[in-house]
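Structure record follows, encoded as structure tokens.
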Amino acid sequence: MSNSADQNIDEPADERVQEVLEDGNLSDTELLGELENDEDSVIANIRERRMEQLKQEMAKMQEMRQHNHGTYEEIPNEKDILKITTSTKLCVVHFFHKEFRRCQIIDKHLAPISQKHFKTRFVKINVENAPFLVEKLKVQVLPCVVSFIDGISVDRIVGFEELGNTDSFTAAALELRLSKSGVISKPESQRSEEQRKTIFGFSGGDDDDDDDDD
């Protein structure tokens, strides 16, 4: 709810409270009754607005669910991939080959990640079925995971170099790497760490600078 909405609700209520308090003809019991009635009216207004907001959010979630958000699915042709990436605000596309073991490792991790980040669409396509996109996006090394925001390719993960260069990297490592592009929200653990640093007034970058000075 916006600040302006809060003001629209609270300001008239404050004026009414002042009127009631200044009414010298009311007994203490009557005064409390008037204040409780006004408070109930404000709370009901807030509740009604919140319910409407929740209804809109639920309708949006239902629409996204119908478009397979919250799942990780294989798309058979690049025409559909183009349609998905251009019509979806946030999208992750895994370009894979069915015989590449490392592509299967990416699949294993993207499946649970897709369920955690409902606002982002997660799909994959066999490079054999996407010659145009492979050439256009210059996909040369597999696995290749490309992040799209508003139909634009903004980031890619090629191979496992950024994931510790090991087959045993975790889903959390992949999730954190994907979040750097903004295609998914930051993992809860990362947000908590950043909040802790903000509270204590330091960051990793500041620590590095201090070390350099020494």
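The sequence shown lines up with residues 1 to 214 when you count with UniProt numbering. Even for Gly, the Cβ is constructed at its ideal location relative to N, Cα and C.
{"Check": "Residue span of the beta strand (DSSP E) that contains Leu110, given as start and end", "Outcome": "No beta strand (DSSP E) contains Leu110, which is instead part of the alpha helix (DSSP H) from Arg101 to Lys116."}
{"Check": "Meets three-Cβ-pair contact criterion under 8 Å: the stretch 111–125 and the stretch 69–76", "Outcome": "yes"}
{"Check": "Neighbourhood of Phe169 by C-beta distance below 7 Å, restricted to the same chain and skipping five residues each side", "Outcome": "Phe160 and Leu163"}
{"Check": "Range covered by the beta strand (DSSP E) that runs through Val93", "Outcome": "Leu90 to Phe96"}
{"Check": "Of the residues Glu135, Asp167, Val183 and Asn165, the one placed nearest Ile152, counting alpha carbons only", "Outcome": "Val183"}
{"Check": "Pairwise C-alpha distance: Arg49 and Val127", "Outcome": "48 Å"}
{"Check": "According to DSSP, residues forming a beta bridge with Glu78", "Outcome": "Paired residue(s): none; Glu78 is not in a bridge."}
{"Check": "Val123 vs Ile157 beta-carbon contact at 8 Å", "Outcome": "no"}
{"Check": "Nearest-angstrom Cα separation, counted from Phe100 out to Glu73", "Outcome": "18 Å"}
{"Check": "Neighbourhood of His97 by C-beta, 8 Å cutoff - its chain only, sequence neighbours within 5 removed", "Outcome": "Cys103, Asn126, Val127, Glu128 and Leu142"}
{"Check": "Neighbourhood of residue 216 by C-beta, 6 Å cutoff - its chain only, sequence neighbours within 5 removed", "Outcome": "An answer regarding residue 216 cannot be provided, because it is not within the stretch 1 to 214 covered by the chain."}
{"Check": "Proximity of Leu133 and Ile84 at Cβ, strictly below 8 Å", "Outcome": "no"}
{"Check": "Buried/exposed call for Thr86, threshold 16 Cβ in 10 Å", "Outcome": "exposed"}
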